[in-house]
Every structure is written in C-alpha cells, then in structure tokens.
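Down below is the structure, laid out as structure tokens.
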Amino acid sequence: MTRARLEVSTPASRTERRPPERGGPGGVSKLPALASDTSEADRLLDGLAQRGTRRAQALRHRRTAVATVCAAALLAGLAGTELAFRSRPEVGQSLPEPGRTSQVERPAGQAAGPAKLSDLTGQSTPAAARDSERAEFESRIAQARAEADRAARAATAQNEALAAALAARSAELAEARQALDRLAAERKGAAEQASRDLAAEKAAAQVLRGQLERDRARLKEVEEQLAASSRQQAERVNAQSAAAALSAEAASAATEKTRQLEAKLAGAEREATGLRAALETQRANLARAEANLADAGRQRAASEEAAAQSAAARRSAEDAARALSERLRQEQTRAAGGQRQLDGLRVSLEAERSNIQDLEAKLAEAVRNRGRSEDALAQQSAARREADKTARAAAERLRVEEARAEASEARLRELQAGLDGKDVELRQLEARLAEIGRDQAKVSSERDDAVAQAARAAGDLDGIRSGTAEILAWLEGRLRAMLLDPVGSERATGERQASAGAPAPADPAIRDGLARIAALLELRAGEARALRDRLQARLSQGMVRLSSPLQDLNAVWTGAGPQTAIFSKTLALPDAPSVQEARHAAPPAEDPRPQPHTEETIAPQVDGTAVLARAESFLARGDLVGARLLLEHAAGAGHALALFKLAETYDPRNPILRRMGGALADRVRAMQLYADAASAGFKGAEDRIAALR
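Residue numbers (the numbering used here): 7 to 699.
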C-alpha cells in the first residue's frame with residue numbers, strides 16, 4: 007500500500023508539467039517552505055524506513071508462525087493418521103496409548119521381551135495385511151511431509167519477495183532522499199543568488215535615489231542664485247534710476263544757475279574774463295565727468311541709459327554755456343564791477359562741482375555693484391559647470407549599473423539553463439513526493455513578506471517619480487516663462503513681472519543653462535524609468551522561474567492551481583508618469599493679483615521664422631526640451647513647418663533621440679503632430695506618417 011501511495015500522480019500533474027524556471031513572485035517566498043518540506047520529507051522517509059523495519063520483523067514473525075503452523079499441520083496429519091489407524095476395529099482395542107510402552111502381561115517367571123504383532127492383536131494377522139497397512143500409513147506421512155514442505159517453500163518464497171520489495175523500497179527511499187537533498191541544495195543556491203541580485207538592484211535604486219536628491223539640491227541652489235541675481239539686477243535698475251534723477255537734478259540746477267547768471271551778470275570785461283575761466287573750469291569738470299561716464303558705460307552695459315541721460319544733461323549745459331558766452335560777448339561793453347556776484351558764481355560753481363563729485367561717487371558705486379554682479383554670474387557659471395560634471399558622472403554611473411544588470415541577466419540565464427537540466431529529475435521527484443508539503447501557512451507568511459517588500463520598493467520608486475515630476479514641472483514653468491517670447495518682448499515681460507512683484511527673467515546664458523539642465527534631468531528620468539522597467543521585468547521573470555516548480559509541487563500536494571498571476575499583479579509596479587503627464591498634472595498657478603490693462607499686456611504676433619531659427623540653434627546644441635517649447639509656441643499659431651519640426655522631436659528615428667537611448671521618443675505623439683502638419687498644408691508629413699506605420 008505504501009508503494010502504491012508513493013507512485014500516485016494525478017493526470018494533470020503528468021500532462022501540465024513545464025520546465026522549471028527560476029523566479030516568480032512566489033519563488034523566493036516558497037524556498038523556506040521547500041526547506042521545511044525537505045525536513046518533513048526526511049521525517050516521512052525515516053518513518054517509511056522504520057515502517058519497513060517493522061514490516062520485516064512482522065515478516066520474520068510471520069515466517070516463524072508459518073513454520074509453526076506447518077509443524078502443527080504435520081503433527082495434526084500424523085495424529086489424524088494415528089486416529090484413523092486406531093479406529094480400525096481389529097487394532098483399535100489393542101494399540102497402546104501414545105507415550106506408553108506396549109507390553110503384554112506375561113506369566114510370572116517369564117522373561118520380558120519385545121511384544122509380537124500376534125501378541126498385540128491377540129490373534130494371528132497375515133503378513134500382507136500388515137505390509138499394506140504400513141505402506142498406507144507411510145504414504146500418508148509422506149503426503150503430510152510434502153504438504154508441509156510446500157507450505158514452507160511458499161512461505162520462504164513470500165518472505166524472500168517481501169525482503170526484495172523491502173530492499174527495493176529502501177533503495178528508492180535512499181535515492182529519493184539524495185534527489186531531495188540535491189534539489190534543496192540547488193534551490194538554496196538559487197535563492198541566495200536571487201537575494202544577492204535583489205540586494206544589488208536595491209543598491210542601484212538607492213544610488214539613483216541619492217543622485218536625484220543631490221540634483222534636486224543643486225537645482226535649489228541654482229534657483230537661489232537666480233533669485234539673488236534678480237535682486238542684484240533690481241538694485242542695478244534702482245541705481246540707474248537714481249543716477250538719472252541726479253543727472254536731471256544737475257541739469258535743472260545748471261539751467262537755474264544759468265538764468266541767474268543771465269540776470270546778474272552785467273559786469274565788465276574782467277568779470278567776463280573771470281566768468282570765461284570759471285566756465286572753462288566747469289567744461290573741464292564736465293569733460294572729466296563725461297570720461298568717467300564713458301568708462302562706466304564700457305564697464306557696465308546696464309548703465310548706458312544713465313550715461314545717455316548724463317550726456318544729454320552735458321549737452322544742455324554746453325548749449326547753455328554757449329548761449330551764456332554769446333550773451334557775455336554782447337555784454338562786454340557794459341561789464342562793471344560785481345565782485346560779490348562773481349563770488350556767488352564761484353560758490354555756485356563749487357556746489358556744481360560737489361554735485362558732480364557726488365554723481366561720480368554714485369557711478370563708481372554702480373560700477374562696483376556691476377563687478378559684484380559679474381562675480382555672482384561667474385559663480386553661477388561655475389555652479390552650472392559643476393552641475394554638468396555631476397550629471398555626466400551620474401550618467402557614467404548609470405551605464406556601469408546597466409552593465410552590472412546585464413551581467414546579472416547573464417547569470418540568471420546560466421542559472422535557468424542549469425535549472426532546465428533538472429526537469430526530468432523534478433518530474434520523477436514529483437511522483438514520489440505526493441504526500442509532502444501540506445502546511446501552507448509558512449508559504450502565506452513568506453508571500454505576505456514578499457508583497458510588503460514589493461510595496462515598500464514601489465513606494466520608494468513612487469517618491470523618486472514624484473520628485474522627478476515636480477522638478478520637471480518647475481523647470482518647464484520657468485523655461486516657458488523665459489522662452490515664450492524670444493523675439494523682443496523681454497522688456498514687456500520684465501515690466502509685467504515687476505508690476506506683479508516677480509523677479510525679472512535671467513539673461514540668455516542662464517536660460518540656456520537651465521534648458522540644458524532640464525534636458526539632462528529629463529534624459530536621466532527616462533533612463534531611470536527604462537532601468538526600472540528592465541529591473542522589474544528581470545525580477546518578475548526570475549520570480550516566475552523560481553515559482554514554477556514549486557507551483558507544480560503545490561498542485562500535486564494540495565490539488566490547488568498556480569497562483570503566480572496573483573503575485574505578479576501584486577508585485578507589478580505602476581508606470582512612472584511621462585513628461586507630458588507631469589506637464590498636465592501640475593499646471594502653474596495663476597497670479598490672483600490684477601494686472602494693469604496696458605497695451606504691453608497683449609501678446610505680440612509670433613514671428614515663425616525667428617522662432618524656427620532659434621529652435622534650430624537649440625537642436626544644434628542638443629537642447630531638445632528648449633526646442634520643443636519654442637516649436638510648441640510657434641505651432642500654437644498654426645505654423646505648418648513648426649508642427650513638422652515639433653513632430654520630428656518626438657520621432658523615434660531622430661538621431662538626437664537615438665543618442666539619448668530613445669527615452670524621450672513618442673511614436674503616437676509624432677504621428678499626431680505629422681497629421682496636424684499635413685492638415686496645415688505641409689507636403690512631406692504624410693510620408694513620415696506612412697514610414698512610422
């Protein structure tokens with residue numbers, strides 16, 4: 007019965023066997039259960055061995071009992087023969103009792119001797135009758151002995167067959183135990199390798215998470231530097247306005263003094279000569295101020311407006327001086343004393359000189375502010391270069407991690423090849439281990455642990471994806487605010503932001519740097535998503551391979567079907583949101599403050615040629631994100647060529663996208679944009695659609 011139970015196997019288990027594959031959501035969780043089942047199998051095998059030992063003892067007892075029965079049967083046959091012989095009337099009365107000596111009473115004095123047959127029977131018996139009776143008795147004894155020998159031989163043959171069956175069963179149990187030990191060792195090695203691979207993948211994910219955190223910190227630093235630059239630019243604008251106000255005050259003061267001189271100077275030749283000298287001094291001071299203003303204009307482009315206003319004030323002062331000189335030449339004949347007026351004129355000229363010196367000091371302060379701004383811009387450039395270096399290092403690390411992942415895949419393929427070779431042994435073992443593994447509580451607990459670990463990994467990846475989406479949304483808002491009007495509306499945008507309390511847009515170098523950083527981050531996010539998908543596919547494939555043989559064993563042990571679909575659905579991680587989803591998920595909040603209704607708030611008409619030229623320059627530098635923003639702005643105005651160029655930025659055959667690994671390509675989006683370009687009248691768009699199909 008035990009042999010029949012060991013060889014029981016359901017038809018489904020024989021027909022639905024697949025090659026053992028390593029992996030699956032339940033594979034790692036069932037390995038501890040397999041170890042416990044292995045120990046349970048050892049206990050069952052020990053129990054079977056003890057049962058076989060007890061059966062051998064029972065067989066020995068049975069053989070002894072058969073021998074005893076045979077002896078009893080022989081004795082019974084002999085007793086029956088003796089009774090039959092005794093039942094004969096001629097000898098039944100004269101035969102002695104068994105165990106007693108048959109002797110005939112003799113007369114006294116007669117010597118004792120052996121009794122004769124005539125003495126036993128009391129009568130004379132023929133010799134032929136005695137011989138026939140003896141022969142019949144001997145034949146019955148021989149027949150009883152033959153039956154006893156046949157029974158003994160049958161019992162011996164049965165005992166030998168049972169001993170052979172017991173030896174075969176012991177050999178089968180030893181072979182099954184060895185196969186089970188080999189399977190346990192192989193499963194243990196596969197589990198350890200899977201644990202090491204999973205630890206390596208977790209370490210790679212941790213490194214990627216740390217790199218994203220560092221990039222986020224660097225972006226925050228760049229934002230702070232941009233805010234500081236905006237504040238410095240606002241301070242420069244205030245300094246320019248203050249310089250313009252001072253220049254206006256100086257011009258008005260000069261005009262007022264000129265009118266006073268026209269009213270007061272009616273003096274003589276000496277006074278006119280002194281006045282000319284004073285005017286020459288003033289001209290020299292103005293020339294020095296002009297030279298200083300020219301130097302300030304060469305050093306700082308932002309102070310050109312103040313220099314222009316100072317030049318206008320100088321020209322007005324020179325015109326007033328020339329007019330005054332003309333009037334002085336006309337009044338030379340009427341010049342008379344006026345020392346006090348000349349003293350007052352000297353005092354006023356000194357005041358003008360002090361005002362000019364104050365203006366020079368303020369211009370020098372503006373120059374120093376410009377130097378500090380240039381230093382800040384140099385620091386920002388250094389920070390951008392450092393960010394580029396960090397991004398390149400991160401890309402190199404990602405390539406190294408990808409190489410390690412490929413090595414892990416090769417190792418997994420080798421393990422799979424090794425496990426495929428064990429298919430026949432597993433099928434043989436499945437037929438012998440039909441009674442093993444009834445306890446599923448441990449499998450459920452391990453399954454819950456695996457699901458919890460997968461949930462934690464999914465939470466970590468969701469945090470990385472949310473942080474990346476926030477960074478991309480913020481960068482897109484900033485870049486869109488800076489690059490929406492690339493053809494001459496920067497001053498209007500700056501005034502609108504100043505009226506709303508927002509900082510003015512940064513210079514083109516900063517915008518280009520931010521665009522490159524955004525493209526790099528988008529590329530890294532795409533690579534991270536691709537790496538995450540590859541790791542998830544590898545992990546799911548490996549888990550399915552590990553769980554397949556255990557599912558078959560579960561089907562044999564408990565009659566239940568495979569449950570890998572439930573585990574794979576539980577461990578499946580949600581896809582990371584794309585850049586377009588991040589754009590639509592977090593739109594920039596509108597400013598609730600009212601905007602002044604002026605002519606400058608109306609957006610100017612889009613110059614398609616200028617936008618396309620600038621987009622081409624962005625594409626030449628590899629700035630795919632900035633080019634997309636410009637082309638989307640132009641495509642919104644119905645520009646057919648802009649739609650076609652925008653579709654090319656999503657086309658998977660674009661060389662730029664191929665160099666990036668195809669992470670930013672979108673075939674469906676490209677076909678939609680090509681269709682829009684064809685609807686707008688662009689002829690080559692239909693060929694591109696056909697090629698993509």
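Backbone N, C-alpha and C define an ideal beta-carbon position, used for all residues, glycine too.
* To do: State buried or exposed for R390, treating a residue as buried only when at least 16 other CB atoms are found within 10 Å of its CB.
  => buried
* Rounded to a whole number of angstroms, what is the C-alpha to C-alpha distance between K395 and E402? -> 11 angstroms
* Boundaries (first-last residue) of the alpha helix (DSSP H) holding A696 -> A691 to L698
* For A206, which residues of its own chain have a beta-carbon under 8 angstroms away from its beta-carbon, when the five flanking residues on both sides are left out? -> R410 and S414
* For Q434, I'd like the list of residues in its chain whose CB is within less than 8 angstroms of its CB, leaving aside the five on either flank, ordered along the chain. => A185
* Mind checking G632: buried by the 16 CB within 10 Å criterion, or exposed? -> buried
* To do: Express the C-alpha separation of D629 and L663 in angstroms, rounding to a whole number.
  => 11 angstroms
* **Span separating the alpha-carbon of A64 from that of T70** => 10 angstroms
* Assuming A284 and L355 form a contact by the criterion Cβ under 8 angstroms, report the distance between their Cβ atoms to the nearest whole angstrom. => 5 angstroms
* **C-beta contact flag for S235 and A382 at 9 angstroms** => yes
* **Cβ-Cβ distance between A250 and E311 below 9 angstroms** => yes
* Is it buried or exposed for E654, if we count other Cβ within 10 angstroms and need 16 for buried? -> buried
* To do: Can you have a look at R378 and say buried or exposed, based on whether 16 or more other CB atoms are within 10 angstroms of its CB?
  => exposed
* Asked: Relative to the C-alpha of D672, which residue among N660, A683 and L179 is closest?
  -> N660
* Taking R620 and L636 to be in contact with their CB atoms under 8 angstroms, please state how far apart those CB atoms are, rounded to whole angstroms. => 6 angstroms
* To do: State the DSSP-derived secondary structure class of N660, mapped to helix, strand or coil.
  => coil
* Could you say which of T339, A133, R276 and E296 lies nearest to L348 if we only look at CA atoms? => R276
* Residues near L172 in its chain [Cβ-Cβ closer than 6 angstroms; skip 5 each side] -> G58 and A62
* Taking C-alpha atoms, which residue in Q338, R376 and N291 lies nearest to N361? -> N291
* Could you give the DSSP three-state label for H645: helix, strand or coil? => coil
* Asked: Does the beta-carbon of H67 have 16 or more other beta-carbons within 10 angstroms, so that it is buried, or is it exposed?
  -> exposed
* Asked: Taking Cβ to Cβ, would you say H645 is nearer than 9 angstroms to A686?
  -> yes
* Return the residue from the list A691, R398, E227 and L698 that minimises the CA-CA distance to M666. => R398
* Rounded to a whole number of angstroms, what is the C-alpha to C-alpha distance between L232 and G483? -> 15 angstroms
* Sequence ranges, alpha helix (DSSP H) only - wholly within the region 159–184, length at least 4 -> none
* Asked: Any idea what DSSP makes of R444, helix, strand or coil?
  -> coil
* Taking C-beta to C-beta, are R376 and Q305 nearer than 9 angstroms? -> yes
* Quick one: what's got a C-beta closer than 8 angstroms to A248's C-beta in the same chain, skipping five residues either side? -> K368
* Proximity to R224 [Cα-Cα], best of A388, Y656 and S331 -> A388
* Would you please state the rounded distance, in angstroms, between the beta carbons of L218 and L54? I believe it to be under 8 angstroms. => Going by Cβ atoms, the distance from L218 to L54 rounds to 58 angstroms, so no, they are not a contact pair.
* Asked: What is the DSSP secondary structure of M666, counted as helix, strand or coil?
  -> coil
* Asked: V353 to R346, Cα distance in whole Å?
  -> 10 angstroms
* To do: Over the uninterrupted alpha helix (DSSP H) stretch that includes E622, give me the two end residues.
  => G614 to A626
* To do: Just the C-alpha distance for L300 and R294, rounded to the nearest angstrom, thanks.
  => Per the sequence presented here, residue 300 reads as Ala, with Leu not at that position. Spanning the two alpha carbons is a distance of roughly 10 angstroms.
* Asked: Can you tell me whether V406 is buried or exposed, with buried defined as 16 or more other CB within 10 angstroms of its CB?
  -> exposed
* Neighbour flag for A158 against chain B, beta carbons, 9 angstroms -> In the structure shown, chain B does not exist; there is a single protein chain.
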